[in-house]
Amino acid sequence: MAKTPSNMMPLGTRAPEFSLPDTVSGKTLSLTDIKSNTATVVMFICNHCPFVKHLNAKLVEVANHYIPKGISFVAISSNDVDNYPDDSPEKMKQLAAELGYPFAYLYDESQDTAKAYDAACTPDFYIFDGALSCVYRGQFDGSRPDNNVPVTGADLCNALDCILEGAEVPTDQTPSIGCNIKWKS
């Protein structure tokens, strides 16, 4: 498993627009449909990555905690499904149901959305404020599949708590580490 870090989009960058099919509902959803006036978490994940599998249960717990507080979450998979069939839209829908994802799980077949966000790995996390300005990009927490650190979501949760408290999100942020996005050749 190759460890790839986030590219770390510059803070203050406006969230790039997208309009992608939701594998769960079958609807096409845009950033405008999903965004929250408080904060929006955009995550690049996939089905097969061991780094994503490692934190999936806690990710669902974190989303279920913050969604009632006005935070929206959306997951996007941009992997090449020809070479990674476990990441196909059908399997995305199945996994979302099995894990109880409380957020849309969008399929970025063209990979244009991942490129617009300068996403590099799965998982890759971004938080945008109510004006869709990037205030956080980085890791879920310090846990990795091979380091015995508990999965807590601490880094992402700290940023969300700052937003909810009206405080500045600390700018000292640690890149996420995961599998590289599986780009089409």
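Using my numbering, the first residue of the sequence shown is number 23, and each one after it goes up by one. Note that CB positions come from ideal geometry on N, CA and C, so glycine has one too.
Shown here, Asp194 sits in coil according to DSSP, grouped into three states, outside any helix or strand.
The straight-line gap separating the alpha-carbon atoms of Val191 and Met31 is approximately 15 Å.
Around Pro38, the same chain offers Leu53, Thr135, Ala138 and Tyr139 as residues with beta carbons nearer than 8 Å, after the five sequence neighbours per side are excluded. According to DSSP, residue pairing for Ile185 in a beta bridge does not occur.
Here the stretch 145-152 makes no contact with the stretch 104-121; the two share fewer than three CB pairs at distances below 8 Å. The residues Cys68, Asn69, His70, Ser99, Asn101 and Val103, in chain order, have a CB closer than 7 Å to that of Asp109 in the same chain once the five nearest residues on each side in sequence are set aside.
In the three-state reduction of the DSSP assignment, Asp109 falls in the helix class.
Where Val74 is concerned, there is no enclosing beta strand (DSSP E), although the alpha helix (DSSP H) around it starts and stops at Pro72 to Tyr88. For Val96, DSSP records a beta bridge to Val64 and Ala126. Restricting attention to Gly160, Asn78, Ile93 and Phe40, the CA atom closest to the CA of Gly152 is found in Ile93. Around the CB of Asn169, fewer than 16 other CB atoms lie within 10 Å, so the residue is classed as exposed. Under DSSP, Cys156 takes part in a beta bridge, and its partners are Phe150. By the neighbour-count criterion, in which 16 or more other beta carbons inside 10 Å mark a residue as buried, Val63 falls on the buried side.
The Cβ-Cβ distance between Cys156 and Ile203 does not fall below 8 Å.
Secondary structure of Asn180 (DSSP, three-state): helix.
Per DSSP, the unbroken beta strand (DSSP E) holding Leu42 starts and ends at Ser41 to Pro43. For Asp183, the closest C-alpha among the options Ile89, Ala79, Asn105 and Ile199 is that of Ile89.
Taking all protein chains in view, the Cβ of Ser165 is crowded by 16 or more other Cβ atoms within 10 Å, so the residue is classified as buried.
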